[in-house]
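Sequential numbering of the sequence shown, starting at 470, is according to the numbering used here.
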Amino acid sequence: MTTSSPGTPRQPTSYGLLTMTLATIMTLCAILQALDVPQLLGLSLYTEQYLAAILAFALGMTFLVAPRFTGLLRFLDPLLALAGFCAAGYIALSYPTIVNELVYRPVDGLIVSLVIGLLTIEAVRRLTGPGLTIIVVLFLAYGLVGYLLPFGMTRQILWDRLAIYVVMDTNGLIGLPLMVTASMVFSFIFLGQLLVSSGGSAFFNDLALALVGRSRGGAAKIAVVSSFLFGSVSGSAVANVAASGGVTLPLMRRAGYQPHMAAAIEALSSTGGQLAPPIMGAAAFLMAEFLQISFATVILAAVIPSLLYYLAIFFYIDAHAASNGMSLPDDVEIRPLRHVLADGWQFVAPFVILIFGLFGLNWRPELAALAAALALAVLALFLPYRGKRSRLGDLLRAFPDAGKGMIEIVIIASAAGMVIGVLNISGLAFSLTLNLVAMAEGSLMLLLLISALVSVVLGMGMPTVGVYVLLASLIGPALVRAGIEPIAAHMFLLYFGMLSMITPPVALASFTAATMAGAEVMKTGWQAFRMGWVAYLIPFVMVFEPGLVMQADPIDIIWQLVGALVGVWFATGAIYGYLTRHLGIVERVLLGMIALAGILPVSLGWGGYLVNLLAIFAGVVLIFRTRLTPSLSGRS
């Protein structure tokens, strides 16, 4: 067996051409499906046939890009790849016939279900590690023996019925998560890969330098801005750290940031990209389908939470830089903003088209993304950036790269579908909802705290997409039935699922950044936890102040935003101990209390507004009482 770690698949050159071919074909299939080409050609296909075809490509490539056998057993990897491709391909070809026979549990359906189910579990283990794999196995085991447990909330299910249901039913593997992934997410991944292939990452770095490079703490702020821009496209915290960290981490080290501090900043910034409009991560598309709302509505709901998240990081960096006199190294070239935009407007135009397509023309997300990708490809071919024009070969690489980039997402979505299948067939989802709602009758805050804890624990070592699907299926219905605004409830779960990337003891984004920066892993994790404090508070505020997710009158939205912004600024000063000046211990405690009062939900009525106003006034007086009056307790 090889010793390569999960999540870092190794691709032998002997499989390179085959993998590239399969990835290119999968991308082309996804684009044709998004453009409704089969329907235009008069082909009557089930959606499940398309999903099974995408799964066939993903399973086939998984065992080629993430091999685990060596020596005499090396033939097993391509054999498993062939088995997965053929089993899922069989469903794609025979689904119109076999779908009417599933209730009778046919032998061919049972064999195919077992092969796909087992290979999907192994694929998850190879690509993501043990976290999600163990959860999938536990749920399947619960579906089989849950009725025997004293705390069981399910009925007896025969093993063959369970196998066929979780794999071939539309409430299982080839259900909602895979459908959203294979349609909407694919188009955005393709757009992201095209952006990288055409030189967009260099533009993002130059844009970040031009925007914040000359400000204090500029090196760290550049990391925040560039990671925000790139993270919104990639939708993966770890991938974002790997892509942008290669530039930002050395720059921060040269500016004087300690390794663990630089790594924490990069991890936080990259993680927030999954919540950053206009693209966000794959979980946002799933949220739109779970709630049966438009993707544009999800984007709007994420604007203020992502703004608060990134401003909290900015405030912390600014306080740290002001306190320690940190700035960008003098030899770093910073081009004027107008020159960057003049040279690289071709990278901005696709986002304008994307937003106009989503909000102005009300297009489906996948169509808007493909329109943006087409515009980007045409512009990149004719307009150079910094003297370098993209070649056709560079742009064509986006096809296989998008296919390979989708492998892990498709496999995770398939595994999540299996879990949802168990929840549906066993009745566990309904029973769990009833029990959680009964708990909420005593204390809504207790339900939120339990949900947050479960979110972080489930997310340890798991990608955000998988975490969100599990949380939305397990806890989402209970939060909604407890009276929480549906989009606020799901944003709460997405937020905490995302936070597992930076929360010790298992924090994938923090650990990746620490490895790249040569920093202590746990020290980086705790530093990211401290800097990202607002991400642990704002989800609770969203529940009680739905204006933060655009679910209120405009006046309330503006007021709640102002209160939250001021509260975040105050609280950052209280945590770091510096805000325009050094703060004493007593001042920090007072400022922390004032910050909480400033963020206090206005749902309390006029009393809430009054408390917000008094808190803002008191905080301003405390901070700027200055230089005439000494600090209450001296420097911290």
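Cβ atoms here follow ideal geometry from the backbone N, Cα and C, with glycine treated the same way.
Strand pairing of residue i, partner residues [DSSP]
| i | result |
| --- | --- |
| tyrosine 726 | DSSP output for tyrosine 726 lists no bridge partner at all. |
| lysine 857 | Tyr854 |
| histidine 1051 | Tyr1047 |
Residue j beta carbon less than 9 Å from that of residue i
| i | j | result |
| --- | --- | --- |
| leucine 583 | valine 879 | no |
| valine 694 | serine 739 | no |
| alanine 503 | serine 652 | yes |
| methionine 960 | proline 1008 | yes |
| valine 602 | alanine 791 | Contrary to the premise, residue 602 reads as threonine rather than valine in this sequence. The answer is no: Cβ separation not under 9 Å. |
| valine 932 | threonine 650 | The sequence shown places proline at residue 932, not valine. In this structure, threonine 650 does not lie closer than 9 Å to proline 932 by Cβ. |
| alanine 951 | leucine 913 | yes |
| phenylalanine 851 | phenylalanine 672 | no |
| methionine 967 | glycine 682 | no |
| leucine 676 | glycine 511 | no |
| glycine 687 | serine 796 | yes |
| isoleucine 956 | glutamine 1020 | yes |
| lysine 433 | aspartate 787 | Any question about residue 433 goes unanswered here, given that the chain covers just 470 to 1105. |
| valine 1035 | glycine 1088 | yes |
| proline 834 | alanine 757 | yes |
| glutamate 517 | tyrosine 564 | yes |
| glycine 644 | glycine 886 | yes |
| valine 1090 | threonine 1041 | no |
| alanine 736 | threonine 981 | yes |
| tyrosine 778 | leucine 810 | no |
| alanine 898 | valine 605 | no |
| isoleucine 734 | alanine 692 | yes |
| leucine 769 | proline 805 | no |
| glutamate 989 | histidine 729 | yes |
Residue range of the alpha helix (DSSP H) that includes residue i
| i | result |
| --- | --- |
| asparagine 893 | 867-895 |
| glutamate 758 | 751-760 |
| arginine 807 | 806-824 |
| aspartate 675 | 669-681 |
| tryptophan 628 | 628-637 |
| asparagine 793 | 764-793 |
| tryptophan 995 | 990-1000 |
| serine 513 | Neither: serine 513 is in no alpha helix (DSSP H) and is coded neither H nor E. |
| arginine 543 | It is not in any alpha helix (DSSP H) - arginine 543 carries neither H nor E in the DSSP assignment. |
| glycine 641 | Counting along the chain, glycine 641 falls outside any alpha helix (DSSP H), and DSSP gives it neither H nor E. |
| arginine 685 | No alpha helix (DSSP H) contains arginine 685, which DSSP labels as neither H nor E. |
| arginine 594 | 576-597 |
| glycine 661 | 655-666 |
| tyrosine 937 | 933-943 |
| methionine 648 | 645-649 |
| glutamine 508 | 506-509 |
| phenylalanine 538 | Here phenylalanine 538 belongs to no alpha helix (DSSP H), and DSSP marks it neither H nor E. |
| isoleucine 956 | 955-968 |
| methionine 985 | 977-986 |
Local Cβ density within 10 Å of residue i, reported as buried at 16 or more and exposed below that
| i | result |
| --- | --- |
| isoleucine 1027 | exposed |
| glycine 578 | buried |
| phenylalanine 784 | buried |
| glycine 612 | buried |
| aspartate 1022 | exposed |
| isoleucine 1024 | exposed |
| tyrosine 1108 | The structure shown does not extend to residue 1108, since the chain is modelled only from 470 to 1105, so the question has no answer here. |
| arginine 807 | exposed |
| arginine 594 | buried |
| valine 576 | exposed |
| glutamine 625 | exposed |
| isoleucine 580 | exposed |
| threonine 539 | exposed |
| tryptophan 1038 | buried |
| leucine 1097 | Note that leucine 1097 has pLDDT 41, beneath the 50 cutoff, so the model's placement of it is unreliable and no number is given. |
| threonine 477 | Reliability fails at threonine 477, whose pLDDT of 41 lies under 50, so the model's placement of it is uncertain and the value that follows must be treated cautiously. So threonine 477 ends up on the exposed side. |
| threonine 493 | buried |
| asparagine 709 | buried |
| leucine 520 | buried |
| alanine 837 | buried |
| glycine 553 | buried |
### Query
Below 8 Å, can you find three or more Cβ-Cβ pairs linking the stretch 817-833 to the stretch 714-721?
No, because fewer than three Cβ pairs between the stretch 817-833 and the stretch 714-721 fall closer than 8 Å, the two stretches do not touch.
### Task
Could you tell me whether the stretch 981-995 touches the stretch 740-752, where touching means 3 or more Cβ pairs closer than 8 Å?
Using a Cβ-Cβ distance cut-off of 8 Å, the stretch 981-995 and the stretch 740-752 are not in contact, since fewer than three pairs of beta carbons, one from each stretch, lie closer than that value.
### Cβ contact (3+ pairs, closer than 8 Å) linking the stretch 629-638 and the stretch 889-900
Output reads yes: the stretch 889-900 touches the stretch 629-638.
#### Entry: Three CB pairs or more closer than 8 Å across the stretch 913-922 and the stretch 862-876
Contact fails: fewer than three Cβ-Cβ distances are below 8 Å.
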